[in-house]
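Using the working numbering, the first residue of the sequence shown is number 83, and each one after it goes up by one.
Ideal placement from N, C-alpha and C gives every residue a C-beta, glycine not left out.
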Amino acid sequence: MLTDIEIAQRAELVPIAKIAADLGIHEEELEPYGRFKAKLNDSLYNRLASHQDGKLILVTAINPTPAGEGKTTTTAGLGEAMKQIGKNAVIALREPSLGPVFGIKGGAAGGGYAQVVPMEDINLHFTGDFHAITSANNLLCAMLDNHIHQGNALGIDQRRILIKRCLDMNDRALRNIVVGLGGKINGIPREDGFCITVASEIMAIFCLALDITDLKERLGRILVAYTFTGAPVYASDLKAQGAMAALLKDAINPNLVQTLEGTPVIMHGGPFANIAHGCNSVRATRLALKLADYCITEAGFGSDLGAEKFLDIKCRLAQLSPSAIVLVATARALKYNGGVTKDKTAEENLEALKKGIVNLGAHIANMKKYGVPVVVAINRFGTDSEAELAFIEKYCRDNGADFALSEVFAKGGAGGVDLAKKVCEAAEKPANFHPIYSSDSTVKQKIECIAKEIYGADGVDYTSQAEKAIREIAALGGDVLPVCIAKTQYSLSDNALLLGRPKGFRITIRDLRLSNGAGFVVAYAGDIMTMPGLPRVPSAEKIDVDENGKISGLF
Numbered sequence: 083m084l085t086d087i088e089i090a091q092r093a094e095l096v097p098i099a100k101i102a103a104d105l106g107i108h109e110e111e112l113e114p115y116g117r118f119k120a121k122l123n124d125s126l127y128n129r130l131a132s133h134q135d136g137k138l139i140l141v142t143a144i145n146p147t148p149a150g151e152g153k154t155t156t157t158a159g160l161g162e163a164m165k166q167i168g169k170n171a172v173i174a175l176r177e178p179s180l181g182p183v184f185g186i187k188g189g190a191a192g193g194g195y196a197q198v199v200p201m202e203d204i205n206l207h208f209t210g211d212f213h214a215i216t217s218a219n220n221l222l223c224a225m226l227d228n229h230i231h232q233g234n235a236l237g238i239d240q241r242r243i244l245i246k247r248c249l250d251m252n253d254r255a256l257r258n259i260v261v262g263l264g265g266k267i268n269g270i271p272r273e274d275g276f277c278i279t280v281a282s283e284i285m286a287i288f289c290l291a292l293d294i295t296d297l298k299e300r301l302g303r304i305l306v307a308y309t310f311t312g313a314p315v316y317a318s319d320l321k322a323q324g325a326m327a328a329l330l331k332d333a334i335n336p337n338l339v340q341t342l343e344g345t346p347v348i349m350h351g352g353p354f355a356n357i358a359h360g361c362n363s364v365r366a367t368r369l370a371l372k373l374a375d376y377c378i379t380e381a382g383f384g385s386d387l388g389a390e391k392f393l394d395i396k397c398r399l400a401q402l403s404p405s406a407i408v409l410v411a412t413a414r415a416l417k418y419n420g421g422v423t424k425d426k427t428a429e430e431n432l433e434a435l436k437k438g439i440v441n442l443g444a445h446i447a448n449m450k451k452y453g454v455p456v457v458v459a460i461n462r463f464g465t466d467s468e469a470e471l472a473f474i475e476k477y478c479r480d481n482g483a484d485f486a487l488s489e490v491f492a493k494g495g496a497g498g499v500d501l502a503k504k505v506c507e508a509a510e511k512p513a514n515f516h517p518i519y520s521s522d523s524t525v526k527q528k529i530e531c532i533a534k535e536i537y538g539a540d541g542v543d544y545t546s547q548a549e550k551a552i553r554e555i556a557a558l559g560g561d562v563l564p565v566c567i568a569k570t571q572y573s574l575s576d577n578a579l580l581l582g583r584p585k586g587f588r589i590t591i592r593d594l595r596l597s598n599g600a601g602f603v604v605a606y607a608g609d610i611m612t613m614p615g616l617p618r619v620p621s622a623e624k625i626d627v628d629e630n631g632k633i634s635g636l637f
């Protein structure tokens with residue numbers, strides 16, 4: 083079979099102006115970036131404001147494994163399948179980060195015959211959104227250090243600076259650095275560090291802002307440091323929000339692209355779900371809901387991370403209500419959860435499947451707690467045996483979840499017709515969506531609710547640093563905000579080695595940070611890092627470009 087990039091490069095794309103016209107988008111509402119991608123401006127957003135919303139479909143998954151689950155592939159394929167059965171659907175996705183593209187994952191726009199294109203553009207610089215976010219973040223850092231250097235009128239304590247610089251690349255060497263070295267002319271020496279752009283608060287703000295005014299107000303609310311007397315210092319105290327918003331004025335407009343079969347895709351923003359809130363922008367989702375009868379969106383990693391944050395943070399803050407949840411699972415991943423090594427996941431092993439399928443059971447049970455119908459998408463691989471697939475289907479039936487076999491990777495939309503029909507049926511069922519915790523709960527109560535109800539933990543332990551951070555957050559009024567837990571994606575626990583459905587464990591919160599502009603509190607569990615590193619053999623080693631500008635090796 084052809085590689086993903088070979089399939090994408092052989093596809094005949096529809097000019098983006100026609101994709102837009104078919105959605106009823108006017109010419110003046112479209113800002114083309116070449117022939118096959120464009121931004122959607124405020125005039126469209128304003129014109130559609132009073133239109134009725136379509137149904138919101140969330141695609142999530144079991145815990146990721148090296149065997150692969152195909153969540154974005156399923157999302158793209160489901161959108162294509164909706165078109166096959168005559169439904170009007172728009173897909174809303176996150177933009178890929180350069181970190182994983184050059185790191186361990188390669189391309190991140192779906193796969194096989196269920197891809198979003200133009201694949202190379204999307205996976206690399208796209209329309210420059212991430213560069214704008216990186217620049218806005220680092221402008222704030224530069225202005226803060228300059229303020230200190232120029233006399234420090236605010237009395238900022240350089241030992242209590244909270245904002246970090248960022249870079250959209252996996253670079254572990256930048257996690258902890260010292261700036262201001264080289265004498266008086268180069269500033270005040272202090273410890274600093276980098277996070278990856280997708281983990282920055284600017285990215286979260288970008289994805290949650292309703293418009294440019296809301297964006298600017300949120301940027302001004304960023305808590306950047308404390309003074310020597312313990313008073314908070316915000317970005318607005320540095321008068322940084324106007325210039326930051328100016329850098330983001332074009333980026334805040336969502337991007338329009340398409341799948342291989344011409345299904346419209348609005349792709350915008352890209353926070354990771356293990357270290358951030360893991361959802362595409364509110365503006366993109368709202369546009370998709372106005373433009374179509376179905377908005378199909380996804381949240382990063384497993385349902386314990388992306389879906390929980392989508393439902394408890396994004397839906398709460400943006401007043402969204404999903405009609406159905408699609409939970410992606412594979413026989414290979416479930417066997418891996420049952421103790422099989424990656425190189426053996428293609429072999430039939432019903433015993434391992436029986437051990438590992440409890441991971442699927444946990445995710446089904448967790449999603450049902452939100453009061454939304456659940457459909458399991460069994461993403462079929464060519465090596466799956468009929469006995470394995472039958473076992474998964476019976477398990478879904480026994481656990482009260484509808485299901486469908488998905489073959490979109492190999493067949494495109496035609497391979498997801500049954501899934502699309504099941505999703506449409508589920509979306510018509512009564513839904514009683516509700517977040518898992520109340521806004522009135524304290525930060526600790528929210529964390530413990532997620533830990534017990536979603537992760538299955540016995541409880542939560544807090545370091546002394548975490549306890550101190552909780553008191554400071556409460557003093558600033560942060561207790562009323564949702565909680566975004568940063569933890570490993572590989573396990574329901576905060577220990578990546580505990581696969582399946584672990585029992586008898588507690589999670590440890592080592593620190594917390596108030597993302598005041600984004601509107602949530604970040605809690606760091608276990609040893610999760612906000613700046614990933616490259617693997618022993620990074621995907622970058624396989625990526626190349628020839629003398630004609632044709633890229634290869636991008637997955």
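As an exercise, report each continuous alpha helix (DSSP H) stretch of at least 4 residues that is fully enclosed by the segment 460-514, in chain order. Taking only runs of at least 4 residues, the alpha helix (DSSP H) segments lying wholly in the segment 460-514 are 468-480, 490-493 and 499-510.
Thinking C-beta only, is VAL456 closer than 8 angstroms to ARG583? In this structure, VAL456 does not lie closer than 8 angstroms to ARG583 by Cβ.
Could you check if LYS504 is buried or exposed, using at least 16 other CB atoms within 10 Å of its CB as the buried criterion? If you draw a 10 Å sphere on the C-beta of LYS504, you find 16 or more other C-beta atoms in it, and that means buried.
Cβ distance (whole Å) where ALA158 is taken to contact GLY192 below 8 angstroms: Sure, about 4 angstroms apart at Cβ, within 8 angstroms.
Please classify GLY264 as buried or exposed, where buried requires at least 16 neighbouring CB atoms within 10 angstroms. It counts as exposed.
Helix, strand or coil: how does DSSP classify PRO314 here? Note: PRO314 maps to strand in three-state DSSP.
Under 8 angstroms between the Cβ atoms of GLY560 and VAL603? Taking the C-beta atoms as reference points, VAL603 is found nearer than 8 angstroms to GLY560.
Counting only the same chain and skipping the five closest in sequence on each side, list residues whose C-beta sits under 7 angstroms from that of LEU371. A distance below 7 angstroms between beta-carbons, with the five flanking residues on each side excluded, links LEU371 to the following residues of its chain, in chain order: ASP135, GLY136, LEU138 and CYS377.
If contact is defined by three or more beta carbon pairs under 8 angstroms, each pair taking one atom from either stretch, is the segment 619-629 in contact with the segment 584-602? Counting C-beta pairs with one atom in each stretch, the segment 584-602 and the segment 619-629 have fewer than three that are closer than 8 angstroms, which means they do not touch.
Can you list, in chain order, the residues of its chain with a C-beta nearer than 7 angstroms to that of HIS445? Leave out the 5 residues immediately preceding and following it. Excluding sequence positions up to five before and after HIS445, its CB lies within less than 7 angstroms of the CB of ILE144, GLY384, SER385 and LEU409, all in the same chain and listed in chain order.
Identity of the residues DSSP links to VAL422 by a beta bridge: None; VAL422 has no bridge partner.
Range covered by the alpha helix (DSSP H) that runs through ARG300: Counting along the chain, the alpha helix (DSSP H) containing ARG300 begins and ends at 294-302.
Per DSSP, which residues does ALA568 bridge with? Please list them. As a beta-bridge residue in DSSP terms, ALA568 pairs with TYR606.
Near ARG595, what residues of its chain come up, given a Cβ to Cβ distance below 6 angstroms and the 5 sequence neighbours on each side ignored? If we look at ARG595 and ignore the five residues flanking it on each side, its Cβ neighbours are VAL604.
Using CA coordinates, which residue listed in GLU510, THR209, PRO271 and LEU563 is at the minimum distance from ARG398? Sorting GLU510, THR209, PRO271 and LEU563 by C-alpha distance to the C-alpha of ARG398 places LEU563 at the top.
By Cβ distance, which residues of its chain are closer than 6 angstroms to TYR606, with the 5 residues on each side in sequence left out? Residues ALA568, ARG592 and ASP593 of the same chain have their beta carbon placed closer than 6 angstroms to that of TYR606, with the five preceding and five following residues left out of the count.
Enumerate in chain order the residues of its own chain whose CB-to-CB distance from ASN252 is below 6 angstroms, with the five nearest sequence positions on each side excluded. These residues qualify, in order along the chain: GLY181, GLY185, PRO614, GLY615 and LEU616.
Roughly how far, in whole angstroms, is the beta-carbon of ARG254 from the beta-carbon of VAL261, given that I think they are within contact range, below 8 angstroms? No, ARG254 and VAL261 are not in contact; Cβ-Cβ is about 18 angstroms, not under 8 angstroms.
Endpoints, the alpha helix (DSSP H) within which SER621 is located: First-last for SER621: undefined, no H or E at that position.
Using the Cα positions of ILE555 and GLU549, report the straight-line distance between them to the nearest angstrom. Counting only the Cα atoms, GLU549 lies some 10 angstroms from ILE555.
In chain order, what are the residue ranges of uninterrupted beta strand (DSSP E) at least 3 long that sit wholly in the segment 87-116? The qualifying runs are 112-114.
Runs of beta strand (DSSP E) lying entirely within the segment 218-251, each at least 3 residues, in chain order: Here the runs fully enclosed are 238-243 and 247-249.
Euclidean distance between Cα positions of ASN337 and VAL364: Approximately 13 angstroms, taken between the alpha carbons.
Do LEU342 and VAL458 have their C-beta atoms closer together than 8 angstroms? It is not a contact, given that the beta carbons lie outside the stated cut-off.
In the DSSP assignment, find the alpha helix (DSSP H) that holds TYR127 and state where it starts and stops. Residues 124-129.
Neighbourhood of LYS331 by C-beta, 7 angstroms cutoff - its chain only, sequence neighbours within 5 removed: Excluding residues within five positions, the ones whose Cβ falls inside 7 angstroms are ILE294.
Contact the segment 309-326 vs the segment 231-241: 3+ CB pairs below 8 angstroms: The way I'd put it, the segment 309-326 does touch the segment 231-241; three or more beta-carbon pairs between them come closer than 8 angstroms.
By alpha-carbon positions, which one of GLY453, ALA469 and SER217 ends up nearest to GLU433? It is ALA469 whose Cα lies nearest to the Cα of GLU433.
Excluding sequence positions up to five away, which residues of its chain have a Cβ less than 8 angstroms from the Cβ of VAL347? For VAL347, the CB contacts under 8 angstroms within the same chain, skipping 5 residues up- and downstream, are ALA158, GLY161, VAL172, ILE173, ALA174, LEU175, VAL198, LEU338, VAL339, GLN340 and THR341 in chain order.
As a quick exercise: from THR209, LEU126 and SER573, pick the residue whose alpha carbon is nearest that of ALA415. Among THR209, LEU126 and SER573, the Cα nearest to that of ALA415 is on SER573.
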